[in-house]
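Here is the structure we will look at.
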Amino acid sequence: MGVNTGRDGAAQLAALALQNRACHACDLRPGCTQVVVSDGNPEARLVIVGEGPGGDEDRTGRPFVGRGGQLLDRILGAVQLGRQDVYITNIVKCRPPGNRTPLPLETETCTELWLEPQLALLRPRVILALGNTPTQYLLQTKLGITRLRGVWHHYGQRDQLYSTYLMPMFHPAYLLRNDTRAPGGPKSLTWKDIQEVRAVLDGKMPEGLGGERPDPGQETLF
Ligand code: SF4
Numbered sequence: 024m025g026v027n028t029g030r031d032g033a034a035q036l037a038a039l040a041l042q043n044r045a046c047h048a049c050d051l052r053p054g055c056t057q058v059v060v061s062d063g064n065p066e067a068r069l070v071i072v073g074e075g076p077g078g079d080e081d082r083t084g085r086p087f088v089g090r091g092g093q094l095l096d097r098i099l100g101a102v103q104l105g106r107q108d109v110y111i112t113n114i115v116k117c118r119p120p121g122n123r124t125p126l127p128l129e130t131e132t133c134t135e136l137w138l139e140p141q142l143a144l145l146r147p148r149v150i151l152a153l154g155n156t157p158t159q160y161l162l163q164t165k166l167g168i169t170r171l172r173g174v175w176h177h178y179g180q181r182d183q184l185y186s187t188y189l190m191p192m193f194h195p196a197y198l199l200r201n202d203t204r205a206p207g208g209p210k211s212l213t214w215k216d217i218q219e220v221r222a223v224l225d226g227k228m229p230e231g232l233g234g235e236r237p238d239p240g241q242e243t244l245f
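When we follow this note's numbering, the leftmost residue of the sequence shown carries the number 24, and every step to the right adds one.
Encoded structure:
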């Protein structure tokens, strides 16, 4: 369970989701079918943050349901996690046209209105940031995912009332485009990262915050 979610928190999240679905605060809303708020368990200790909905997500109203979502399910399944064990959302809740990267103003508007309040209610033990966009926003950095993945970081909200551990990981869409299973390749690195996330969810203290890469051991395939 999230540190403070509980039944009240889940009700507040549901109320927030209702407001979120009616949002028209930025220019993304007119070009999409619907607002895609979240999926999974509001009491989860792991919150996964992606970039934004794609075509399948825009159509179904659920995040990570396309090929990338199916790969994410396999990655989570490799460490015995299912959708019922995680809460999944995105930096922007409306599909950017042509699946382009969200613009800074869109990211700023959407995260202030929706993601930051979501995280404040969820208070997970771990945030898993998928790819450049969520990682760079949540860590307020311009460094790329290749530099940042595999290393634990602190995530703290602006009011400093809440902080937690954040692990950047490659986005599943990137893994689909770079399908090599060679040692040291994106999939093998992702296997290490998700094992490390699992260990910290199970109570291990994150090592080398912002520094050394952890090495949780043997490689396998998704
Ligand atoms: S992307 Fe976010 S801020 Fe923009 S309209 Fe959708 S929900 Fe509102």
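Note that beta-carbon positions come from the ideal geometry of N, C-alpha and C, so glycine has one too.
Looking at the DSSP output, Ile150 sits in a beta bridge with Val70 and Leu189. Straight-line measurement puts the Cα of Arg172 at about 19 Å from the Cα of Asp96. If you look at Thr112, you'll find it in the beta strand (DSSP E) that goes Val109 to Asn113.
Per DSSP, Asp225 has no beta-bridge partner at all. Those residues having their beta-carbon less than 7 Å away from any non-hydrogen atom of the ligand SF4 are, in chain order, Asn43, Cys46, His47, Ala48, Cys49, Leu51, Arg52, Val58, Val115, Lys116, Cys117, Glu129, Thr132, Cys133, Leu136 and Trp137.
Distance from the Cα of Arg68 is smallest, within the candidate group Asn43, Leu94, Gln42 and Arg106, for Arg106.
By the C-beta criterion, the segment 111-121 is judged not to be in contact with the segment 31-41, since fewer than 3 inter-stretch pairs fall below 8 Å. The segment 78-88 makes no contact with the segment 129-142; the number of CB pairs closer than 8 Å stays below 3.
The three-state secondary structure of Gly84, taken from DSSP, is coil.
Scanning its chain for C-beta atoms nearer than 8 Å, with the 5 sequence neighbours on each side dropped, one finds around Leu161 the residues Val72, Ile150, Ala152, Tyr178 and Leu189, in chain order.
Our two residues, Pro147 and Leu166, have alpha carbons roughly 24 Å apart in a direct line. In this structure, Pro76 is the residue among Pro76, Leu41, Asn64 and His194 with its C-alpha nearest to the C-alpha of Gly54. DSSP places Gly91 within a helical segment (H, G or I) once states are collapsed to three. Glu135 sits exposed, since fewer than 16 C-beta atoms from the chains shown fall within 10 Å of its C-beta. With a threshold of 16 other beta carbon atoms within 10 Å, Lys227 falls short and is exposed. DSSP, reduced to helix, strand and coil, places Asp62 within a strand of the structure shown. Rounded to whole angstroms, the Cβ separation of Glu80 and Thr156 is 15 Å, and the two are not in contact under 8 Å. Arg30 and Gln141 have their alpha carbons spaced roughly 15 Å apart. According to DSSP, residue pairing for Gly179 in a beta bridge involves Ser186. Ranked by how close their Cα comes to the Cα of Gly100, the residues Leu224, Ile217 and Leu232 have Ile217 in first place.
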